[in-house]
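Undergrad: Next up is a structure, given as structure tokens.
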Amino acid sequence: MKISILGNNLTSLTLAKTLTNQGIAVDIFSDKKKKKFDNNQTLGISKTNVDFFNKNITNINKFLWKIKRINIYSENFNNNKILDFKNAHDHLFSVVRNQDLYNHLFVNLNRCKLIRFKKTISLKRLLHNNYDLIFNCDHSNLIAKKFFHNKIEKNYNTFAHVTTFKHKKLSNNNIAYQVFTKDGPLAFLPISSFETSVVYSAKEKKNENLVYLINKYKKDYKILNINKITSFELKSSNLRSYYFQNIIAFGDLLHRLHPLAGQGFNMSIRDIKEIHKLIEFKKVHGLGLDKSICYDFEKKIKNKNYLFSSGIDFIYEFFKLESNLNTSALSKLVKFLGKKEKINKFFTKSADSGIVI
4 MKISILGNNL TSLTLAKTLT NQGIAVDIFS DKKKKKFDNN QTLGISKTNV DFFNKNITNI
64 NKFLWKIKRI NIYSENFNNN KILDFKNAHD HLFSVVRNQD LYNHLFVNLN RCKLIRFKKT
124 ISLKRLLHNN YDLIFNCDHS NLIAKKFFHN KIEKNYNTFA HVTTFKHKKL SNNNIAYQVF
184 TKDGPLAFLP ISSFETSVVY SAKEKKNENL VYLINKYKKD YKILNINKIT SFELKSSNLR
244 SYYFQNIIAF GDLLHRLHPL AGQGFNMSIR DIKEIHKLIE FKKVHGLGLD KSICYDFEKK
304 IKNKNYLFSS GIDFIYEFFK LESNLNTSAL SKLVKFLGKK EKINKFFTKS ADSGIVI
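Pasting the structure below:
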């Protein structure tokens, strides 16, 4: 079987490693052989996805910082805590730098005889290379523009401002927290005992307010220095069709989310899990790996992805409405519901494993 992957990013390399571990040869097409990430970029990976990563892709434990608790606060509720998620026996999720994860995957793939890195070729030549499946993980190439432009899109008219800061060592720096400020959500994600990542979403394109907010909501941190702030526009999207002939859309091309819950890459890992299951099923039953996987993949995962991304959007709009109304009523409702054990467990499980339908 011949498979190609278009794009050179975390999703494409993770998918490639999954496929080669199943004994499948893969060609990766990209203009740049090695990608450089901004030093501020970090990812949160749920416990279930970390377990899948370690078992079926490659062990990444040495790059992870485990988070045991998540606290949610609301400025409209006098900055009081409204939600508290924890796992009494283990951690909830882990934080990793994009560059560390990418480098680890890249080194692993370069040692693999089933992988070939190739320069990007024309669409005509690609389609005539007789690939059984083509995974397009690049949202900006010609294939994306030609075959995958029909999507449900939303422009939040806001910007994400991202940075990290160093602080005096905290041996128990394993609690992530998010504050729904009147201007937008502000998240603190520990990376190590002495460094923490920050993601802030707001209407302002410039980021002068972020340093003030970090100092205002820093909790127990004794900050030593704050790194340069990176900013980008926020949009969400969901493709209406997941494939064209034998080409499967993947990663950010398939779905993009608001970063307030840190679920973008987690959704891509869940997509990779589904591809993994479909391939294993066909192998066990002696079936060929052909473009029928495209149909099966869309049927299995499309509705789940749309419901999950809609849920993230609902959370954003919910707290935006509270801010616009200048009331604490909605935060009080969330706090009340969050105390219900079944509801708390539902939210915790959904963030970890996605929606089960």
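Sequential numbering of the sequence shown, starting at 4, is according to my numbering. Don't be surprised by glycine CBs; every beta carbon is placed ideally from N, CA and C.
#1: Can you give the beta carbon distance from residue 293 to residue 281, rounded, assuming they're within the 8 Å contact cut?
#2: Taking the Cβ atom as the reference point for each residue, do residue 250 and residue 120 lie within a distance shorter than 8 Å?
#3: Report buried or exposed for residue 340, applying the criterion of at least 16 other Cβ atoms within 10 angstroms of its Cβ.
#4: Does the count of Cβ pairs from the region 109-128 and the region 8-26 closer than 8 Å reach three?
#5: Taking only runs of the alpha helix (DSSP H) that begin and end inside the region 121-195, which ones reach a length of at least 4 residues, in chain order?
#6: With DSSP as the reference, identify every bridge partner of residue 28, one or two as the case may be.
#7: Report the rounded CA-to-CA distance for residue 228 versus residue 20, giving the unit in angstroms.
#8: In the structure shown, what three-state DSSP assignment does residue 117 receive?
#9: Should residue 76 be labelled buried (16 or more other beta-carbon atoms within 10 Å of its own) or exposed?
#10: Look at the alpha carbon of residue 264 and the alpha carbon of residue 315, and state the distance between them as a whole number of angstroms.
#11: From residue 355 to residue 327, what does the alpha carbon distance come to, in whole angstroms?
#12: Going by DSSP, which residues form a beta bridge with residue 2?
#13: Tell me which same chain residues have a C-beta within less than 6 Å of the C-beta of residue 40, skipping the five on either side of it?
#14: Would you call the region 60-79 and the region 164-183 touching, i.e. three or more CB-CB distances under 8 Å?
#15: Residues in its own chain within less than 6 Å of residue 267 by CB, not counting five upstream and five downstream?
#16: Using a beta-carbon distance below 8 Å, is residue 92 in contact with chain D?
#17: Could you compute how far the alpha carbon of residue 38 sits from the alpha carbon of residue 106?
#18: Is the separation between the beta-carbon of residue 184 and that of residue 78 shorter than 8 Å?
#19: Given a threshold of 16 other Cβ atoms within 10 Å of its Cβ, counted over all protein chains shown, does residue 273 qualify as buried or as exposed?
#20: Which residue's Cα is closest to the Cα of residue 277: 322, 357 and 127?
#21: Give me the Cα-Cα distance between residue 86 and residue 191, rounded to the nearest whole angstrom.
#22: Find out if the Cβ-Cβ distance for the pair residue 138, residue 322 is shorter than 8 Å.
TA: This is what the structure gives:
#1: Residue 293 sits at position 290 when you count from the first residue of the sequence shown. Residue 281 sits at position 278 when you count from the first residue of the sequence shown. Not really, about 11 Å apart at Cβ, beyond 8 Å.
#2: If you number the sequence shown from 1, residue 250 lands on position 247. If you number the sequence shown from 1, residue 120 lands on position 117. Cβ atoms of residue 250 and residue 120: not closer than 8 Å.
#3: As a first step, residue 340 must be located in the sequence shown, where it is residue number 337. Result: exposed.
#4: Counting Cβ pairs under 8 Å, three or more are found: they touch.
#5: The qualifying runs are 126-130 and 145-150.
#6: What you label residue 28 is simply residue 25 of the sequence shown in a count that begins at 1. DSSP links residue 28 through a beta bridge to 5.
#7: Within the sequence shown, residue 228 is the residue found at index 225, counting from 1. Within the sequence shown, residue 20 is the residue found at index 17, counting from 1. Their Cα atoms are separated by approximately 37 Å.
#8: Taking the first residue of the sequence shown as position 1, residue 117 is located at position 114. If DSSP states are grouped into helix, strand and coil, residue 117 belongs with coil.
#9: As a position in the sequence shown, residue 76 is number 73, starting the count at 1. In summary, residue 76 is buried, with 16 or more beta-carbon neighbours lying within 10 Å of its beta-carbon over all protein chains present.
#10: Here residue 264 refers to the residue found at position 261 when the sequence shown is read from its first residue. Here residue 315 refers to the residue found at position 312 when the sequence shown is read from its first residue. Each residue's Cα considered, the two are about 7 Å apart.
#11: By one-based count along the sequence shown, residue 355 stands at place 352. By one-based count along the sequence shown, residue 327 stands at place 324. In this model, residue 355 and residue 327 are separated by some 30 Å (Cα to Cα).
#12: The shown model of the chain, from 4 to 360, leaves out residue 2, and the question about it has no answer.
#13: Along the sequence shown, one-based indexing puts residue 40 at 37. Shown here for residue 40: same chain residues with a beta carbon closer than 6 Å to its own, the five before and five after excluded, namely 101 and 102 in chain order.
#14: Yes, since at least three Cβ pairs between the region 60-79 and the region 164-183 fall closer than 8 Å, the two stretches touch.
#15: Within the sequence shown, residue 267 is the residue found at index 264, counting from 1. Annotation for residue 267: 260 place their beta carbon closer than 6 Å to its own, counting only its chain and skipping 5 residues before and after.
#16: Among the chains of the structure shown, chain D does not appear; only one protein chain is present.
#17: In the sequence shown, residue 38 corresponds to position 35, counting from 1. In the sequence shown, residue 106 corresponds to position 103, counting from 1. Between the alpha carbons of residue 38 and residue 106 lies a distance of about 9 Å.
#18: Residue numbering aside, residue 184 sits at position 181 when the sequence shown is read from its first letter. Residue numbering aside, residue 78 sits at position 75 when the sequence shown is read from its first letter. Yes; because the gap between Cβ atoms is below 8 Å, this pair is in contact.
#19: Your numbering for residue 273 matches position 270 in the sequence shown. Per the 10 Å Cβ criterion, buried.
#20: Here residue 277 corresponds to residue number 274 of the sequence shown, with the count starting at 1. Nearest C-alpha to residue 277: 357.
#21: Position 83 of the sequence shown, counting from 1, holds the residue named residue 86. Position 188 of the sequence shown, counting from 1, holds the residue named residue 191. C-alpha separation (whole angstroms): 15 Å.
#22: Position 135 of the sequence shown, counted from the first residue, corresponds to residue 138. Position 319 of the sequence shown, counted from the first residue, corresponds to residue 322. The answer is no: Cβ separation not under 8 Å.
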